[in-house]
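To start, the structure under review is shown below, and the notes come after it.
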Ligand SMILES: C[S@@+](CC[C@H](N)C(=O)[O-])C[C@H]1O[C@@H](n2cnc3c(N)ncnc32)[C@H](O)[C@@H]1O
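In this note's numbering, the protein residues as written are 193 to 388.
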C-alpha cells in the first residue's frame with residue numbers, strides 16, 4: 193500500500209500533511225522501510241504522523257515532541273516529550289540518541305526551524321535524513337523580524353555555500369555545511385541528507 197493510502201487510513205485522526213509530501217517521502221525512503229530504526233518528529237498534534245511512521249517503518253522506534261501536552265493523542269507505548277523546539281534546554285533534555293530520520297513539523301517559525309536544525313542535525317545518523325515541512329507557512333513570523341527565511345538558508349545549503357542566520361552559530365553552520373550530502377526542496381518540503 194502506498195504511503196498516501198496508509199496515511200488516509202490512519203485513525204482516529206490522519207496526519208496533517210498534503211498528498212505530495214507522501215509522494216516525496218515514498219520516493220526518498222521506499223528502500224529504507226526495513227532499515228530505519230529511529231525516527232523523531234517535532235510536532236505531534238493528534239498523533240497521526242507518529243502512527244503513520246510506525247506503520248510505514250515497521251522496525252523503527254518512533255518518538256516525537258510537542259510544545260503542548262499530547263499525552264491523550266500519542267499512541268500507547270510510544271515515547272514523546274513535551275518541549276519547545278526553540279528552547280535549548282528542552283532540546284538538550286530530549287536528545288539522547290541518533291536518528292535515521294528527524295522531521296520538523298512543529299511551529300513553522302523560521303527562527304525555530306533554523307534553531308532546531310542547528311541543534312538536531314548532529315543527532316542525525318551518518319547517511320540519515322532531516323526533513324523540514326511547510327516552509328513559508330508562517331511567512332514573516334519571526335522572533336525579532338530579522339531572521340533570514342529558511343528557504344534562503346536551504347538555497348545556500350544546496351549550493352554548499354556559507355550563510356548567516358541569527359538562529360545558527362558560525363560553528364553550527366560549518367557543521368551543517370560539512371556534513372550535508374544533499375539538500376532537496378520541492379514546494380514547501382525540504383529533505384536534507386547527511387553524509388555517510
Ligand atoms: C502541524 S501540527 C503537527 C502535525 C503532525 N505532525 C501530523 O502530521 O499529524 C504542529 C504541531 O506543532 C506543535 N508546536 C507548535 N509550536 C511548537 C514548538 N515551539 N515546539 C514544539 N512543538 C510545537 C503544535 O502544538 C502542533 O501540535
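Positions of the beta carbon are idealized from the N, C-alpha and C atoms, including for glycine. For clarity, every value in this text was computed on a predicted model and none was experimentally measured.
Problem set entry | Residues sharing a beta bridge with residue 293, DSSP | Paired residue(s): 231, 321.
Exercise. Is residue 385 helix, strand or coil by DSSP?
Worked result: In this structure, residue 385 counts as strand in the three-state DSSP scheme.
Exercise. Who are the Cβ neighbours of residue 272 in its own chain at under 8 Å, not counting the five residues just before and after it?
Worked result: Same-chain partners within the cutoff: 236, 242, 255, 256, 257, 258, 262, 263, 266.
For this session: Could you please give the first and the last residue of the uninterrupted beta strand (DSSP E) stretch that includes residue 372?
Result: 372–378
Exercise. Buried or exposed: residue 402, going by 16 or more other Cβ atoms within 10 Å of its Cβ?
Worked result: Missing from the structure shown is residue 402; the chain here goes from 193 to 388 and no further.
Exercise. Is the beta carbon of residue 320 within less than 7 Å of some heavy atom of ligand 1?
Worked result: Closer than 7 Å to some heavy atom of ligand 1: that does not describe the Cβ of residue 320.
Problem set entry | Collapsed DSSP secondary structure at residue 216 in the structure displayed | helix
Problem set entry | Start and end residues, alpha helix (DSSP H) containing residue 308 | 302–312 is the extent of the alpha helix (DSSP H) around residue 308.
Problem set entry | Whole-angstrom C-beta distance between residue 214 and residue 199, which should lie under 8 Å | 6 Å
Exercise. If you check the beta carbons only, do residue 350 and residue 375 fall under 8 Å apart?
Worked result: Yes, they are a contact pair.
Problem set entry | Distance, residue 216 Cα to residue 297 Cα | Distance between the alpha carbons of residue 297 and residue 216: 15 Å.
Exercise. Quick one: what's got a C-beta closer than 7 Å to residue 305's C-beta in the same chain, skipping five residues either side?
Worked result: Once the five neighbours on either side are set aside, the close Cβ partners of residue 305 are 296, 324, 342.
For this session: Tell me, to the nearest whole angstrom, how far the beta carbon of residue 269 is from that of residue 285; I am working on the premise that it is less than 8 Å.
Result: Actually they are not in contact, since the Cβ atoms of residue 269 and residue 285 sit about 21 Å apart, beyond 8 Å.
Exercise. Sorry if obvious, but does the Cβ on residue 299 come closer than 7 Å to a heavy atom of ligand 1?
Worked result: Yes, ligand 1 has a heavy atom inside 7 Å of this Cβ.
For this session: May I ask you to check if the CB of residue 327 is nearer than 7 Å to at least one heavy atom of ligand 1?
Result: no
For this session: Work out the CA separation of residue 281 and residue 196 for me, nearest whole Å.
Result: If I take the Cα positions, the gap works out to 35 Å.
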